[in-house]
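Right, one structure below, let's go through it.
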């Protein structure tokens with residue numbers, strides 16, 4: 060049939076969103092319901108004991124609720140941990156009347172649901188409803204998302220901030236509107252306030268926006284305003300933590316622990332293992348490891364000094380971390396497995412990606428490289444690497460979309476990283492009752508020996524946390540004389556040590572708790588024989 064003069068035939072606009080909004084809402088609702096169930100089940104069935112770093116967040120939140128200021132387990136203003144997660148725990152505990160440990164898990168769970176919804180939306184915009192559906196299932200049930208969404212770790216909030224920032228970035232790249240630049244910077248600023256290791260993600264977003272990628276954006280709009288808005292919003296939202304550190308120490312830095320991280324890496328470059336590099340005493344028994352006194356100002360080597368040192372030991376350390384990370388990926392106990400490479404490769408082969416999707420992929424790639432480098436240079440921990448799961452699920456969902464074996468592919472990918480649910484997932488395993496209930500038991504026993512103002516020296520911060528006392532990290536030493544001298548120097552009358560602590564030269568690898576050396580008295584041993592309370596005479 061012909062057309063009237065002056066009018067052209069046009070094809071319907073094809074979008075990446077489903078035509079039926081109701082179906083889209085049902086899909087997202089079902090995915091969120093499944094995600095909530097998975098996280099609540101883990102909290103109810105597994106999480107009996109607070110995680111090690113969770114004890115520090117919990118104590119900060121407790122002190123905030125009691126009006127004691129931003130103070131953690133170690134005496135003095137807290138410098139190591141940024142404020143977003145502790146304040147969120149305190150607010151949740153105050154509103155719900157819950158204990159801080161439960162409040163921490165609630166905050167992580169809610170943040171994880173935001174992560175699931177935002178990943179679904181990103182996949183919808185970049186790959187359509189099929190990609191969104193598969194990404195949604197992977198995010199709802201994926202090991203790193205479930206673990207971070209049920210633990211008292213700040214990574215749940217970190218990942219929520221990152222993904223919300225990515226959603227805003229995709230809109231900013233597509234429209235170049237200032238409001239989306241502001242939203243991108245604000246969300247990434249919140250991610251930084253949850254975990255300072257994410258500090259370089261925002262500069263990556265600013266560079267991509269400033270470069271005008273996609274080159275042909277909205278007509279008549281330049282890229283610079285959105286990029287500047289992103290940078291300004293990030294600086295404004297992130298400012299409270301650096302200002303707090305500057306107020307306490309007089310130092311201008313993006314992280315209270317950056318100097319200690321550099322010092323630890325420098326000690327790696329001298330051939331030290333992690334425990335020695337972090338907690339060792341000097342030849343005269345002085346605190347030499349940078350993490351023995353985390354709330355005191357520390358001046359150590361900078362980047363130039365590290366680069367000027369001998370490369371051999373640090374390269375050995377990097378290689379060891381890479382081997383460890385490779386084994387984690389191959390064994391099914393990691394954030395992703397090698398099986399994820401296939402759908403990710405399929406996603407990158409797609410030539411029909413929009414320009415805003417290409418910009419999103421570039422920022423996702425920067426996120427992946429940044430997180431991997433952080434873990435490789437310092438320490439391989441699953442929660443440090445957890446944000447790698449964000450680009451993985453978005454790319455995998457897009458790679459599986461429209462393929463007849465997509466459902467099988469999703470099942471295989473989920474199973475390939477599920478081994479940790481059965482056999483422990485490193486630091487996420489710390490919430491399990493056996494053997495970690497000994498930390499709670501030691502804390503309860505300490506209440507009969509120590510008072511709230513006492514300092515407890517411990518290699519597990521959860522014992523003083525449950526005891527309601529201050530904490531001093533136990534040094535790495537082979538000498539009980541040095542241990543006694545150090546305990547007296549920090550004012551610790553009691554010490555809690557883990558017996559047979561594999562690969563660590565702390566007391567416990569050489570201490571016979573049934574016949575302790577002179578100056579040390581064994582007071583109590585946990586029922587599972589894993590921990591002992593010592594009195595320093």
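Residue numbers (the working numbering): 60 to 596.
For every residue, glycine included, the Cβ atom is placed at its ideal position computed from N, Cα and C.
Sequence-distant partners of residue 174 (beyond 5 residues in either direction) whose C-beta falls short of 6 Å from its own C-beta, in its chain, are 218, 219, 222.
By the CB criterion at 8 Å, residue 120 and residue 154 fall outside the cutoff. Between residue 419 and residue 232, the C-beta spacing is below 8 Å. The straight-line gap separating the alpha-carbon atoms of residue 107 and residue 385 is approximately 30 Å. Boundaries of the alpha helix (DSSP H) around residue 85: 80-104. For the pair residue 123 and residue 146, the CB atoms are nearer than the 8 Å cut-off. Taking residue 297 as the centre and dropping the five residues before and after it, the same chain places the C-beta of 248, 251, 252 closer than 7 Å to its C-beta, in chain order. Rounded to the nearest whole angstrom, the C-alpha separation of residue 89 and residue 168 is 16 Å. Counting of Cβ neighbours within 10 angstroms places residue 555 among the buried residues, the total reaching 16 or more. With fewer than 16 other beta carbons inside 10 angstroms of its own, residue 305 counts as exposed.
Looking at the DSSP output, residue 593 sits in a beta bridge with 554, 581.
Residue 596 counts as exposed, since fewer than 16 other beta carbons sit within 10 angstroms of its beta carbon.
In this structure residue 524 is not in contact with residue 130, their Cβ atoms being roughly 13 Å apart against a cut-off of 8 Å. Partner residues in the beta bridge of residue 515, as assigned by DSSP, are 530, 553. In this structure, DSSP gives residue 353 a state outside helix and strand, which the three-state scheme calls coil. Per DSSP, reduced to three states, the secondary structure at residue 172 is helical.
Excluding five sequence positions before and after residue 492, the CB atoms of its chain that fall closer than 7 Å to its own CB belong to 107, 108, given in chain order. In the displayed model, residue 460 falls within coil according to three-state DSSP, outside both helix and strand. In the structure shown, the three-state DSSP call for residue 109 is coil. One Cα belongs to residue 537, the other to residue 531, and the distance between them is close to 18 Å. In this structure, 434 is the residue among 404, 577, 151, 434 with its C-alpha nearest to the C-alpha of residue 383.
For residue 339, the pairing in a beta bridge is given by DSSP as 535. Less than 8 Å separates the beta-carbon of residue 460 from that of residue 190. Going by DSSP, residue 200 is part of the alpha helix (DSSP H) stretching over 188-200.
Beta bridge pairing from DSSP links residue 136 with 130.
Spanning the alpha carbons of residue 341 and residue 320 requires a straight line of approximately 18 Å.
The C-alpha of residue 454 is placed about 34 Å away from the C-alpha of residue 139. If you look at residue 486, you'll find it isn't in any alpha helix (DSSP H); DSSP assigns it neither H nor E. Note on residue 403: 16 or more other CB atoms within 10 angstroms of its CB, so buried under the neighbour-count rule. Classified as exposed, residue 103 has fewer than 16 neighbouring CB atoms from the shown chains inside 10 Å of its CB.
Boundaries for residue 345: no alpha helix (DSSP H) harbours it, and the DSSP string shows neither H nor E there.
By the criterion of at least three beta-carbon pairs nearer than 8 Å, the segment 92-99 is in contact with the segment 200-218.
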